[in-house]
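Remarks on the structure that follows.
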Amino acid sequence: MDQPKKESWLTTLNPLYPSLLEGSKPELRLPSHESNPPMYTSLRPVGDERRALANIRSIFGYHPRDLMRKRDLGNYIPKSHVRDMRDVLFLSVSICPSTIQDQGYVDVGISVFDTRYLDNGLKTGRRDEEWALCAVRSYHFCLVADKWGVTGSDCRFNFGHSTVITPEQLPACVADIVYGRDYVVVVSNPESRPESLQHKLGVDLGLDPLCCVDVVSIYNLVMEERHTKLGSIVAEMGLFRERIDHPGNAAHYNLRALLGVVTLDATMNGWEWSADFIWCAAFIANSPEALYTQGYGKEWVDWFFHAHLNLLRMKVSMREENKWEREKDKFENFD
Numbered sequence: 001m002d003q004p005k006k007e008s009w010l011t012t013l014n015p016l017y018p019s020l021l022e023g024s025k026p027e028l029r030l031p032s033h034e035s036n037p038p039m040y041t042s043l044r045p046v047g048d049e050r051r052a053l054a055n056i057r058s059i060f061g062y063h064p065r066d067l068m069r070k071r072d073l074g075n076y077i078p079k080s081h082v083r084d085m086r087d088v089l090f091l092s093v094s095i096c097p098s099t100i101q102d103q104g105y106v107d108v109g110i111s112v113f114d115t116r117y118l119d120n121g122l123k124t125g126r127r128d129e130e131w132a133l134c135a136v137r138s139y140h141f142c143l144v145a146d147k148w149g150v151t152g153s154d155c156r157f158n159f160g161h162s163t164v165i166t167p168e169q170l171p172a173c174v175a176d177i178v179y180g181r182d183y184v185v186v187v188s189n190p191e192s193r194p195e196s197l198q199h200k201l202g203v204d205l206g207l208d209p210l211c212c213v214d215v216v217s218i219y220n221l222v223m224e225e226r227h228t229k230l231g232s233i234v235a236e237m238g239l240f241r242e243r244i245d246h247p248g249n250a251a252h253y254n255l256r257a258l259l260g261v262v263t264l265d266a267t268m269n270g271w272e273w274s275a276d277f278i279w280c281a282a283f284i285a286n287s288p289e290a291l292y293t294q295g296y297g298k299e300w301v302d303w304f305f306h307a308h309l310n311l312l313r314m315k316v317s318m319r320e321e322n323k324w325e326r327e328k329d330k331f332e333n334f335d
């Protein structure tokens, strides 16, 4: 007699990541969300985001053309001197603090993008959708003082199962995910920053990141926009999204938005990194997890990539035209 298939907590097929609770099932299921996503505060000073964008460019190993020029010598640095992608994790964090009063618990979404996994695959010549999606893993934690007080089910997390834990257990879970690696924290609102979670909500992630990046502010800096929410920039980039107000999903889409931003940034400033990596970044940013299980193969992937690349080029072209029109109007109205 066939054994029943064991329900897995893994959201991808990546064997490099041990699951926190592999082979087990949640003791209790979570109630569905009725609350709205948190309100977003105003953007922080641009100087902070310029430093964050410089860190992103350094980590991903690409540089815009103006930064490739040696100002003292007046010539270009050879491409062989461009640094490879750094061996870091991108740890995305999202929280919905409004649930504390409404439902008595805190939702924390955590998603991980592993540059090591993607970089190693590129060096071995891998370029397929299943492999690319394995570079991203997502979690959703429900923090309650008494886990026996949570009932019902939560079907809104798109990328795995929700886990009920106490707040004291969260740092150990995060440490298990990070596993001693260098990492960058990615957020889309100030309330999800580690220091804000600690000071305002008493939620300790136990994090010591290289830096913290707000993907909304980074997008505004690159595209010269003034968005305040993750949903608006994801929609503008044309990225796949569903139930983005859920913290677990929002953490996942934070990473996809970040990959979309670096693809735009590289497109606007010249292709100074691997075309294969651009393909992977574009694919991960846009594709729902189920695509590779629904029969999508190489032909669709190639079509998707070229369509997305054309969309990026069109957005860059429109941005440059709008910038030229603004400069023209400024010059004509100078008198």
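Numbering (the UniProt record's numbering), first residue to last: 1 to 335.
Where a beta carbon is used, it is the ideal one built from N, C-alpha and C, also for glycine.
The three-state reading of DSSP puts G125 in coil, since its state is none of H, G, I, E or B. Taking the Cβ atoms as the reference, S162 lies roughly 14 Å from S94, outside the contact range of under 8 Å. Comparing alpha carbon positions, the residue from F141, V184, T166 closest to S58 is V184.
Under DSSP, V108 forms a beta bridge with I95, F141.
Here the C-alpha atom of Q169 lies approximately 13 Å from the C-alpha atom of V106. DSSP places V187 inside the beta strand (DSSP E), whose first and last residues are 183-187. Its chain contains S94, G109, S188, L230, I244 as the residues whose beta carbon lies nearer than 7 Å to that of A250, once the 5 sequence neighbours on both sides are disregarded; these appear in chain order. The bridge partners DSSP lists for C212 are V185.
Under DSSP, the beta-bridge partners assigned to T163 are F141. For the 8 Å CB-CB criterion, C96 and P194 do not form a contact. Here H252 has S92, G109, S111, V136, S138, N158, F159 as same chain residues with Cβ atoms under 8 Å from its own Cβ, once five neighbours each way along the sequence are excluded.
Going by beta carbons, L89 and V186 fall outside the 8 Å limit.
Taking L210 as the centre and dropping the five residues before and after it, the same chain places the C-beta of D182, V184 closer than 6 Å to its C-beta, in chain order.
Taken atom to atom, the span from the alpha-carbon of G260 to that of V215 is near 10 Å. Its chain contains E49, A52, L53, I56, L258, V261 as the residues whose beta carbon lies nearer than 8 Å to that of I218, once the 5 sequence neighbours on both sides are disregarded; these appear in chain order.
Taking all protein chains in view, the Cβ of M314 is surrounded by fewer than 16 other Cβ atoms within 10 Å, so the residue is classified as exposed.
CA-to-CA, the gap between I165 and E325 works out to about 54 Å. By the beta-carbon neighbour count (other beta carbons within 10 angstroms, threshold 16), N254 is buried.
The Cβ-Cβ distance between P171 and L143 does not fall below 8 Å. Its chain contains L53, V261, L264, D265, M268 as the residues whose beta carbon lies nearer than 8 Å to that of V222, once the 5 sequence neighbours on both sides are disregarded; these appear in chain order.
Nearest to R116 by C-alpha distance, out of R156, F60, H140, is F60. Annotation: the continuous alpha helix (DSSP H) that includes C173 extends over 170-178. For L207, the CB contacts under 7 Å within the same chain, skipping 5 residues up- and downstream, are V174, V185, P194 in chain order.
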